[in-house]
Amino acid sequence: MPALLTHYLCGNAMLKLVEDDHMRNSILNHRNVFNLGTQGPDIFFYYGAWPWTKNKGMTEFGDRMHEERTGEFILEALKYSAGYDEPSKSVLAAYMCGYLCHYVLDCHTHPYIFYKTGFVRTGEAYTSKYTCYHRMFETALDVLMLNYELGKRPPEFNAAEQIKISGHDAAVIGKMYSVILKKVYDEKIDTKLVCQAIADISGIAAVLRDKTGIKKILLSKIEKSLGRPPMFSSMILPLEINDGLDYLNISHSAWKLPWDNSVALTSSFIESFEAAAKEAKLISIDIIRCISERTRIEDAASLIGNRSFSTGIDCNLDIELKYFDCIYEKS
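Letter by letter, the sequence shown follows residues 1355 to 1685 in this note's numbering.
Have a look at this one:
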């Protein structure tokens, strides 16, 4: 469950910044729905991810939601939510505030993560190693940020319980997705499929929880014996990070934008994380207002933008990722 915890933690950090009682209570009354929302469109990566089930192309669709019409989806979801009566309206408001946290955190931190983990460049032969690097890096971030934000180790935190919601709430969210995905992406995805994705992310998080570290060790050995990359073991959180790598860039070493190596940055992951929490709070204020008071949804459009989850730049712009300095391939 790479990045599941970091996204949850960003939502938690955002909530700590909220001073408005109405907004805070709107989220707290549906806290697990909000927590699920912080996973954003990643829920589709978990659909049918069990070895005995089929994903039905949901992984590819989840990728589309990260890169195409991102702002349009959010705005249409807000319009849809504003048209509902209680209690469903409050459920959707909490979910969309969480979704917004996911969107903003990815925009702030993915350029750094891609630069540090690498990717297959245009024209290069496909290799799964960069996917593994990405998962390993984000898993390390989960462990480190859990300790930084809550002072806990992975065995002390049950992520599955934080994102488990009722069947009623799942159906409300699933119906919203089925309507908006058809409108924005012309994709027919029914409510049951979304509900199953919601069940799968919680179920897989529970299975991947490794209280003793033995699951990760055994699965890693199995993958090695089969000559396969660590596609699955890389998703299990280690008990601690002790490889000496500066995942959080505490040293403030220079790193570049993957699409523009003329721009050098020294920000740490923690600084980007905190900036995302602050921005998410500001936009969530408008989200709650738009949905609960049925004010003009377009007022929030300029704040939300239409950003790629990978770059934080307008997804209509032709941006090609070219540059990286992989942390795992240092000599």
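The beta-carbon is built from N, C-alpha and C at its ideal position, and this holds for glycine as well.
Here the structure is a predicted model, which is why all the values come from computation and not from measurement.
Item, Value
"Going by DSSP, which residues form a beta bridge with R1661?", "D1668"
"For the beta strand (DSSP E) containing K1610, list its first residue and its last residue.", "W1609 to L1611"
"Return the chain-ordered list of same chain residues with a C-beta closer than 7 Å to the C-beta of P1584, the five sequence neighbours on each side being excluded.", "C1486, S1574 and E1577"
"Cβ atoms of S1442 and V1526: under 7 Å apart, would you say?", "yes"
"What are the boundary residues of the beta strand (DSSP E) that includes S1616?", "D1614 to L1619"
"Between which two residues does the alpha helix (DSSP H) holding K1506 run?", "Taken as a continuous stretch (DSSP letters only), K1506 belongs to no alpha helix (DSSP H), as it is neither H nor E."
"Of the residues S1662, F1586, N1501 and E1594, which one's Cα is nearest the Cα of S1482?", "F1586"
"When the Cα of A1367 is compared with those of D1597, H1376, W1613 and N1389, which residue comes out closest?", "N1389"
"Considering only their Cβ atoms, is the gap separating S1556 from D1544 smaller than 7 Å?", "no"
"With DSSP as the reference, label E1674 as helix, strand or coil.", "coil"
"Please state whether DSSP places C1680 in a helix, a strand or coil.", "coil"
"Would a C-beta distance cut-off of 7 Å place I1681 and K1470 closer than the cut-off?", "yes"
"Looking only at its own chain, which residues have a Cβ that is under 6 Å from the Cβ of E1633, when we skip the five neighbours before and after it?", "V1458"
"So for M1355, helix, strand or coil by DSSP?", "Only weak support exists for where M1355 lies, its pLDDT of 41 falling under 50; the coordinates are left without a value."
"With G1402 and M1412 assumed to form a contact (beta carbons below 8 Å), what rounded beta-carbon distance in angstroms separates them?", "7 Å"
"Is S1380 near A1447, with beta carbons less than 7 Å apart?", "yes"
"DSSP three-state label for F1398, please.", "helix"
"What is the rounded straight-line gap between the Cα of M1355 and the Cα of Y1400?", "With a pLDDT of 41 at M1355, under the threshold of 50, the predicted position of this residue should be treated as unreliable, and no value is reported."
"Among the residues of its own chain, which have a CB less than 6 Å from the CB of C1455, if the five just before and after it don't count?", "C1364, G1365, M1368, T1392 and A1634"
"Reducing DSSP to helix, strand and coil, say where H1384 ends up.", "coil"
"Three or more C-beta pairs under 8 Å: does that hold for the stretch 1638-1652 against the stretch 1493-1508?", "no"
"What do you get for A1373, buried or exposed, if any count of 16 or more other CB atoms within 10 angstroms of its CB means buried?", "Note that residue 1373 corresponds to Glu in the displayed sequence, not to Ala. The residue in question, E1373, is exposed, as its Cβ has fewer than 16 Cβ neighbours within 10 Å."
"With distances taken from CA atoms, which of I1641, N1670, I1642 and P1612 is nearest F1473?", "P1612"
"Might you give, ordered along the chain, the residues of its own chain that have their beta carbon closer than 6 Å to the beta carbon of G1452, omitting 5 neighbours on each side?", "G1365, F1388, G1391 and T1392"
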